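Residue numbers (this note's numbering): 29 to 191.
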């Protein structure tokens, strides 16, 4: 499956999965299943996910997209991950800007939410930079590593403006 080895490369790193709702990958098959999951959700009009590549390389270094898409209510959640060697270079901000423009325009979204784990200061800074506002804490929202973990929900409304 195309791109599976690239996705495996960064999902095998604990730094990436520490704040993600999956454990670090140990087998290529896990990346293949995740890509198939994204593909199936796209075809069922429940989600859309894009690969992030560098302009100079044909290699996936991360993904971003919308999930929990409810067309009737014009809302979706945004999710993303990036290989650690590309963190803090503006790559994800550029990607999110592009998909938010798509979401508010082509998908007719009014509300985009993001759910992050406390302690994920990189995501917090990114969301705040993108104009998201913290709405509150979702108590014991995730179950990971044998314990329930809180999450923080952010959102950004379109209000007739593009991202």
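For each residue, glycine too, the CB sits at the ideal point set by N, CA and C. None of the values given here were measured: they were computed from a predicted structure.
Backbone CA spacing between residue i and residue j [nearest angstrom]
i           : j           : result
residue 133 : residue 92  : 17 Å
residue 48  : residue 168 : 15 Å
residue 139 : residue 102 : 7 Å
residue 42  : residue 172 : 13 Å
residue 36  : residue 99  : 31 Å
residue 96  : residue 161 : 19 Å
residue 186 : residue 166 : 23 Å
residue 65  : residue 44  : 19 Å
residue 117 : residue 174 : 33 Å
residue 176 : residue 79  : 30 Å
Short Cβ contact (9 Å threshold) for residue i with residue j
i           : j           : result
residue 124 : residue 114 : no
residue 164 : residue 180 : yes
residue 249 : residue 89  : In the structure displayed, the chain extends from 29 to 191; residue 249 sits before or after that span and is not available.
residue 62  : residue 33  : no
residue 121 : residue 157 : yes
residue 58  : residue 70  : no
Residues that DSSP places opposite residue i in a beta bridge
i           : result
residue 87  : The partner list for residue 87 (beta bridge, DSSP) is empty, contrary to what the question assumes.
residue 95  : 105
residue 119 : DSSP output for residue 119 lists no bridge partner at all.
residue 110 : 90
residue 45  : Its beta-bridge partners do not exist; DSSP assigns none.
Where are the beta strand (DSSP E) runs, 3 residues long or more, that stay fully inside the region 121 to 190, in chain order?
Taken in chain order, the complete beta strand (DSSP E) segments of 3 residues or longer contained in the region 121 to 190 are 139 to 144, 161 to 172 and 175 to 185.
Determine, using beta-carbon pairs with one atom in the region 50 to 61 and one in the region 147 to 164, whether at least three such pairs fall under 8 Å.
Contact between the region 50 to 61 and the region 147 to 164 is absent: fewer than three C-beta pairs spanning the two stretches fall below 8 Å.
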